[in-house]
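> For the sequence shown, the working numbering begins at 15 and goes up steadily by one.
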Amino acid sequence: MNTYRRTATIVGVLYIVGTVAGILSGAFTQSTLSDPDYLSKVSANESQIVIGTLFLLTMSLALAMVPVMLFPILKKQNEILAIGYVVFRGALEAVVGIIMAISQLLLILVSQQYAADVHNASHFQNLGAFVLKGNDSINPVLIITFSLGALILYTMFYQSRLIPRWISVWGFAAILLHFSTAFLILFHVVRSDDMSTLLTFNFPIFLQEMVMAVWLIAKGFNSSAITAKSTSVNTNELQMSTAK
Numbered sequence: 015m016n017t018y019r020r021t022a023t024i025v026g027v028l029y030i031v032g033t034v035a036g037i038l039s040g041a042f043t044q045s046t047l048s049d050p051d052y053l054s055k056v057s058a059n060e061s062q063i064v065i066g067t068l069f070l071l072t073m074s075l076a077l078a079m080v081p082v083m084l085f086p087i088l089k090k091q092n093e094i095l096a097i098g099y100v101v102f103r104g105a106l107e108a109v110v111g112i113i114m115a116i117s118q119l120l121l122i123l124v125s126q127q128y129a130a131d132v133h134n135a136s137h138f139q140n141l142g143a144f145v146l147k148g149n150d151s152i153n154p155v156l157i158i159t160f161s162l163g164a165l166i167l168y169t170m171f172y173q174s175r176l177i178p179r180w181i182s183v184w185g186f187a188a189i190l191l192h193f194s195t196a197f198l199i200l201f202h203v204v205r206s207d208d209m210s211t212l213l214t215f216n217f218p219i220f221l222q223e224m225v226m227a228v229w230l231i232a233k234g235f236n237s238s239a240i241t242a243k244s245t246s247v248n249t250n251e252l253q254m255s256t257a258k
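#1: Ordered along the chain, which non-local residues of its own chain (more than five positions away) have a Cβ less than 8 Å from that of V27?
#2: At what residues does the alpha helix (DSSP H) containing G104 begin and finish?
#3: Within its chain, find whatever has a CB closer than 6 Å to the CB of T72; leave out the 5 residues flanking it on each side and keep chain order.
#4: Is the Cβ-Cβ distance between A196 and Q222 less than 8 Å?
#5: Any idea if P81 is buried or exposed, counting beta-carbon neighbours within 10 angstroms, 16 or more meaning buried?
#6: Does the Cβ-Cβ distance between S194 and Q126 come in under 8 Å?
#7: Would you mind working out which of I177, V145 and N59 sits nearest R19, comparing C-alpha positions?
#8: Taking its Cβ as the centre, do 16 or more other Cβ atoms sit within 10 Å of S210, making it buried, or is it exposed?
#9: With the cut-off set at 8 Å, would you say T43 and G66 are in Cβ contact?
#10: Could you tell me how far apart the beta carbons of S48 and D207 are, in whole angstroms, since I believe they sit closer than 8 Å?
#11: Does DSSP put N153 in a helix, a strand or coil?
#12: Compute the Euclidean distance between the alpha carbons of N248 and L141, then round it to the nearest angstrom.
#13: As a quick exercise: from P50, M170, V203 and V25, pick the residue whose alpha carbon is nearest that of L146.
#14: Can the beta-carbon of F235 be found closer than 8 Å to that of A22?
#15: Have a look at Y29 and A76 and give me their C-alpha separation to the nearest angstrom.
#16: Going by DSSP, what residue range makes up the alpha helix (DSSP H) through R179?
#17: Whole angstroms are fine: how far does the CA of L84 sit from the CA of T17?
#18: Kindly give me the distance between the Cβ atoms of E107 and F160, rounded to whole angstroms, as I take these residues to be in contact under 8 Å.
#19: Near V110, which residues of its chain fall below 7 Å by C-beta distance, leaving aside the five closest residues on each side in sequence?
#20: Does Q91 come out as helix, strand or coil in the three-state DSSP assignment?
#21: Can you give me the start and stop residues for the alpha helix (DSSP H) that G234 sits inside?
#22: Go ahead and pull the three-state DSSP assignment for N19.
#23: Identify, in the order they occur along the chain, each residue of the same chain with its Cβ nearer than 7 Å to the Cβ of G104, setting aside the five sequence neighbours on each side.
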């Protein structure tokens with residue numbers, strides 16, 4: 015049982031680290047990247063972009079570790095869904111995060127050339143716009159992969175009762191709201207840099223994940239649900255052994 019308690023604590027801490035790192039990443043980069051004269055701003059604030067990018071990578075790594083830590087527990091509930099969760103919230107989300115980090119570092123290189131070569135400014139403006147547009151286009155992909163992984167997780171949590179069902183239901187409803195922002199951005203209903211609107215849609219899942227993280231750290235997983243599942247697995251193994 016100590017292993018489950020330790021896993022719950024680690025997962026809770028990873029959620030908090032990933033969320034705080036994501037907020038700090040945006041705080042360091044958003045105002046610069048959303049500025050109309052972003053190339054000049056990036057070259058003048060390189061250290062901020064680098065720090066923000068490091069926070070972005072920290073967020074990606076921390077949140078990618080969550081499904082890795084949960085997999086041994088979740089696979090006992092449903093191995094196929096557990097693998098799907100690892101794919102979406104682990105592998106795919108981490109890859110998308112790394113791509114976004116690389117694009118931000120590329121903008122630093124472009125901005126340096128833009129500042130150094132005024133004669134070819136238009137060329138670097140076009141190149142910068144291409145990189146920035148690509149970064150903005152990746153954002154809905156990140157939202158979709160995050161949302162699909164979260165939907166799998168809350169489905170499994172609800173079925174297994176590893177955490178209180180009200181937290182799972184809250185997560186399910188909040189992630190659907192967050193999921194909708196991907197399509198609002200794709201269909202140009204909302205701009206990807208419209209922070210006030212996106213915050214309104216994203217705050218419920220942010221709050222839910224923090225509540226869940228604190229619950230996991232303070233309470234851990236439901237011990238009766240773990241015991242019931244372990245008993246069921248042992249019974250099935252005994253029946254299979256007897257049948258042979």
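All C-beta atoms, glycine included, are put in the ideal place defined by N, C-alpha and C.
According to the structure data:
#1: A227 and I231
#2: Careful: G104 lies outside any alpha helix (DSSP H) and carries neither H nor E.
#3: A35
#4: no
#5: buried
#6: no
#7: I177
#8: exposed
#9: yes
#10: 4 Å
#11: helix
#12: Note that N248 has pLDDT 46, beneath the 50 cutoff, so the model's placement of it is unreliable and no number is given.
#13: P50
#14: yes
#15: 7 Å
#16: R179 to L200
#17: 11 Å
#18: 6 Å
#19: I152, V155, L156 and T159
#20: coil
#21: Counting along the chain, G234 falls outside any alpha helix (DSSP H), and DSSP gives it neither H nor E.
#22: It should be pointed out that residue 19 corresponds to Arg in this sequence rather than to Asn. Here R19 sits in helix by DSSP.
#23: A78, P81 and V82
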